[in-house]
Amino acid sequence: MTTESGTFTPAPGRAPMRAILRQQVRMELLLTARRGEAVVLAMGVPLLVLLGAGLTEATNVPGDDRLGFVVPGVLALTVMSTAFTGQAITTGYERSYGVLKRLGASPLTRPGLLFSKTAAIGCLVALQVLALALVGVVVGWRPELSQILPAVGVTALATAAYCGLALLLASLLRPETTTAAATLIYVLMLAAGGIMFAAPDLGPAGSFLLPLAAHADALRHALTEGSSVPVSSWLSLTLWAAVALTGAARKFRWE
Amino acid sequence: MTAIEVRGLRKTYGSRSAVSGIDLSVPHGEVFALLGPNGAGKTTTVEILEGHRRRDSGDVRVLGQDPAVGGRAWRARIGIVLQSATDAADLTVVETVRHIASLYPRPRAAAEVIELVGLGDQAKAKVQALSGGQRRRLDVALGIVGRPEIVFLDEPTTGFDPHARRQFWQLVRALAAEGTTILLTTHYLDEAEALADRLAVIAAGVLVAEGTPATLGGRAGAGATVSWTGPAGQESELTADPVALITKLTAAGVDLPGLTVTRPSLEDTYLALIGEQR
Numbered sequence: 001m002t003t004e005s006g007t008f009t010p011a012p013g014r015a016p017m018r019a020i021l022r023q024q025v026r027m028e029l030l031l032t033a034r035r036g037e038a039v040v041l042a043m044g045v046p047l048l049v050l051l052g053a054g055l056t057e058a059t060n061v062p063g064d065d066r067l068g069f070v071v072p073g074v075l076a077l078t079v080m081s082t083a084f085t086g087q088a089i090t091t092g093y094e095r096s097y098g099v100l101k102r103l104g105a106s107p108l109t110r111p112g113l114l115f116s117k118t119a120a121i122g123c124l125v126a127l128q129v130l131a132l133a134l135v136g137v138v139v140g141w142r143p144e145l146s147q148i149l150p151a152v153g154v155t156a157l158a159t160a161a162y163c164g165l166a167l168l169l170a171s172l173l174r175p176e177t178t179t180a181a182a183t184l185i186y187v188l189m190l191a192a193g194g195i196m197f198a199a200p201d202l203g204p205a206g207s208f209l210l211p212l213a214a215h216a217d218a219l220r221h222a223l224t225e226g227s228s229v230p231v232s233s234w235l236s237l238t239l240w241a242a243v244a245l246t247g248a249a250r251k252f253r254w255e
Numbered sequence: 001m002t003a004i005e006v007r008g009l010r011k012t013y014g015s016r017s018a019v020s021g022i023d024l025s026v027p028h029g030e031v032f033a034l035l036g037p038n039g040a041g042k043t044t045t046v047e048i049l050e051g052h053r054r055r056d057s058g059d060v061r062v063l064g065q066d067p068a069v070g071g072r073a074w075r076a077r078i079g080i081v082l083q084s085a086t087d088a089a090d091l092t093v094v095e096t097v098r099h100i101a102s103l104y105p106r107p108r109a110a111a112e113v114i115e116l117v118g119l120g121d122q123a124k125a126k127v128q129a130l131s132g133g134q135r136r137r138l139d140v141a142l143g144i145v146g147r148p149e150i151v152f153l154d155e156p157t158t159g160f161d162p163h164a165r166r167q168f169w170q171l172v173r174a175l176a177a178e179g180t181t182i183l184l185t186t187h188y189l190d191e192a193e194a195l196a197d198r199l200a201v202i203a204a205g206v207l208v209a210e211g212t213p214a215t216l217g218g219r220a221g222a223g224a225t226v227s228w229t230g231p232a233g234q235e236s237e238l239t240a241d242p243v244a245l246i247t248k249l250t251a252a253g254v255d256l257p258g259l260t261v262t263r264p265s266l267e268d269t270y271l272a273l274i275g276e277q278r
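In order, the protein sequences belong to chains A and B. Just so you know, we're using this note's numbering here: the first sequence kicks off at 1 and counts up by one. Just so you know, we're using this note's numbering here: the second sequence kicks off at 1 and counts up by one.
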């Protein structure tokens with residue numbers, strides 16, 4: 001039906017969603033790479049915690065395998081820092097700059113954006129976790145590799161959950177407020193324990209309710225002890241991921 | 001099937017009624033302009049048509065689809081020129097256009113679109129370094145790069161210098177010539193007159209007039225003012241038939257230096273129309 005296409009001849013067609021998602025994920029990664037320094041800086045705190053709590057007697061850690069306790073916790077913290085805090089802040093600003101509105105006017109669609117952002121953050125998280133794990137190994141951490149797949153699995157769930165929560169937060173609050181809230185939550189989680197020092201006795205409930213605690217706990221079981229990830233951790237993270245992503249899909253606002 | 005079909009559109013924000021029952025019908029390939037003062041409901045109406053805002057009631061179809069549930073395929077056929085002026089990242093003009101183009105099934109070439117909107121020299125510049133007018137041109141490029149069937153332009157030439165506005169009008173005319181439907185809101189009456197096939201005036205959430213630029217508000221039949229410099233000074237007479245009057249005067253041997261015949265301008269008509277609504 002379309003004959004000679006002029007410069008402006010309307011020519012609607014279908015693009016496979018795959019191609020669109022690939023393009024958007026590429027763009028998300030490109031933007032992150034351009035903010036490279038920020039990404040490296042973001043690793044500063046986890047690194048400090050790893051070296052400080054892992055190598056010195058500065059904090060009170062259960063058991064005598066300091067690194068075995070601290071390193072998985074630091075890995076979990078990094079995932080949260082990138083997939084929740086960093087993501088919330090960036091998205092909040094993208095929303096206020098009109099970047100999201102432009103994407104909303106395109107065929108990307110809301111689920112398309114959620115997927116792209118989660119996938120891109122997943123790549124970033126993978127790199128950071130690998131880098132920090134390497135540092136851990138260099139200073140003496142000896143992980144068990146038999147449960148590496150479940151470890152990756154819980155990390156993927158945690159990443160998805162944090163992403164969903166980040167996008168939700170960025171949709172509900174103004175950018176400055178989003179930044180403040182995301183940072184506050186990060187600090188609270190860091191302080192609540194389970195990362196640098198033994199958590200106050202929150203009991204199994206605490207570990208279940210807080211995604212960071214559940215994730216850290218799961219990683220300790222998988223990587224330090226080589227035992228299977230407790231069901232409660234799987235349950236907690238799956239629920240968090242489901243709720244967060246559903247919430248984000250519903251409430252996400254382009255502007 | 002029309003490109004845009006609206007029946008009984010209503011939208012309230014809390015207790016304030018922004019749009020109180022609007023009907024619109026825009027056939028394919030038409031350039032339609034929406035005029036109105038600030039707060040009249042133009043932007044709300046356009047945002048509802050674009051699928052950016054939910055309506056309270058009324059029937060809306062854009063390219064046969066309800067914008068509230070428009071999915072990916074619908075979005076690929078719609079072009080929206082936004083007023084998002086800034087960009088959070090360090091992207092260049094070309095990178096930005098290429099990225100948005102990549103989200104569409106059959107986009108135009110980025111370089112071509114950039115040239116068309118007059119940003120050829122700024123292609124490699126960072127978006128953050130562009131002036132306000134240049135950013136608006138980038139917004140236009142991003143709105144048309146997907147080769148849409150219908151383009152929404154909300155006050156598009158705000159911030160353009162006169163030369164840039166003329167260039168923009170040429171662009172709109174070229175788009176229209178290839179069959180693209182265009183819905184345009186503007187404050188510039190000369191722009192509405194230059195571009196629109198038809199236009200409508202909204203005031204206080206209601207359509208107060210609809211027609212072509214020549215016939216809006218009964219402008220064509222509103223009579224003309226004939227003025228000339230007579231022996232006693234400036235003379236002028238309002239008449240429905242200026243030709244008859246001039247013929248009568250010249251037949252009577254009256255000298256008519258400085259003769260002018262003016263019909264009410266679109267601006268006069270527009271101001272009168274919205275004035276009635278206050």
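Where is the CB? At the ideal position from N, CA and C, for every residue including glycine. In this text the structure is predicted, and so the values were computed from the model without any measurement.
The DSSP assignment places 93–101, 110–116 as complete runs of the alpha helix (DSSP H) inside the segment 84–133 of chain B, in order along the chain (cut-off: 4 residues).
Interface annotation for the segment 91–115 of chain A against chain B: TYR93, GLU94, TYR97, GLY98, VAL99, LYS101, ARG102, ALA105, SER106, PRO107, LEU108, THR109, criterion Cβ-Cβ distance under 7 angstroms.
With distances taken between CA atoms, ALA191 (chain A) lies nearest to A:THR59 out of A:ALA241, A:THR59, A:LEU219, A:GLY92. Contacts with chain A at 7 angstroms (Cβ-Cβ) do not include ASP255 (chain B). Within the DSSP bridge table, the entry for ARG61 (chain B) names B:GLU5 as partners. Per DSSP, THR224 (chain A) lies in no beta strand (DSSP E) and is assigned neither H nor E. Nearest in C-alpha terms to ALA76 (chain B), of all of A:PRO175, A:PRO16, A:ALA218, A:PRO143, is A:PRO16. Cβ atoms of ALA209 (chain B) and LEU273 (chain B) come within 8 angstroms of each other, at about 5 angstroms. Of all alpha-carbon atoms in B:ASP66, B:PHE32, B:GLY179, the one lying nearest the alpha-carbon of GLU155 (chain B) is that of B:PHE32.
Interface criterion met: the Cβ of ARG75 (chain B) is under 7 angstroms from a Cβ in chain A. Contact of LEU31 (chain A) with chain B by beta-carbon distance below 9 angstroms involves ALA88, ALA89, ASP90, LEU91.
In the DSSP annotation of this structure, TRP254 (chain A) is not part of any alpha helix (DSSP H), being labelled neither H nor E.
DSSP places SER116 (chain A) in the uninterrupted alpha helix (DSSP H) bounded by 110–138.
Non-local C-beta neighbours of TYR93 (chain A) in its own chain, meaning closer than 7 angstroms and more than five positions away in sequence, comprise PRO175, ordered along the chain. In this structure, the CA atom of ALA182 (chain A) is about 19 angstroms from the CA atom of LEU124 (chain A). For the pair of segments examined, the segment 24–38 of chain B was found not to touch the segment 215–227 of chain A: the number of CB pairs separated by less than 8 angstroms stays below three. Following the DSSP letters along the chain, one finds GLN167 (chain B) inside the alpha helix (DSSP H) bounded by residues 162–177. Listed along chain B, the residues sitting closer than 9 angstroms to ARG34 (chain A) by beta-carbon distance are ALA89, ASP90, LEU91.
For THR159 (chain A), the uninterrupted alpha helix (DSSP H) segment begins and ends at 148–172. Within chain B, no residue has its beta carbon less than 9 angstroms from that of ILE89 (chain A); the closest one is some 11 angstroms off. In the displayed model, TYR13 (chain B) falls within a strand according to three-state DSSP. VAL229 (chain A) has its alpha-carbon roughly 12 angstroms from the corresponding atom of SER236 (chain A).
Taking C-beta atoms as the reference points, GLY79 (chain B) and GLY146 (chain B) count as a pair closer than 7 angstroms. If the five residues before and after GLY104 (chain A) are omitted, its C-beta is found closer than 6 angstroms to the C-beta atoms of TRP254, all from its own chain and listed in chain order. Taking 8 angstroms as the upper bound for CB-CB distance, ALA216 (chain A) and ALA88 (chain A) are not in contact here, some 20 angstroms apart.
At least one C-beta of chain B is nearer than 7 angstroms to the C-beta of ILE20 (chain A). The segment 202–216 of chain B and the segment 227–241 of chain B do not touch, with fewer than three beta-carbon pairs separated by less than 8 angstroms. By the rule that beta-carbons nearer than 7 angstroms mark a contact, HIS28 (chain B) does not touch chain A. Those residues of the segment 104–138 of chain B placed with their C-beta closer than 8 angstroms to a C-beta in chain A are TYR104, PRO105, ARG106, ARG108, GLU112, LEU116, ordered along the chain. Residue state for SER232 (chain A) is assigned as helix, using DSSP reduced to three classes. Counted as a single uninterrupted DSSP element, the beta strand (DSSP E) harbouring LEU207 (chain B) occupies residues 206–211. Among the residues facing chain B, GLN23 (chain A) is included, as its CB has a counterpart in that chain under 7 angstroms away.
For PHE69 (chain A), the enclosing alpha helix (DSSP H) stretches over residues 66–80. Counting other Cβ atoms within 10 Å of its Cβ, GLU47 (chain B) reaches 16 or more and is therefore classed as buried. Annotation: the continuous beta strand (DSSP E) that includes SER227 (chain B) extends over 224–230.
If you draw a straight line from the Cα of LEU219 (chain A) to the Cα of ALA166 (chain A), it is about 22 angstroms long.
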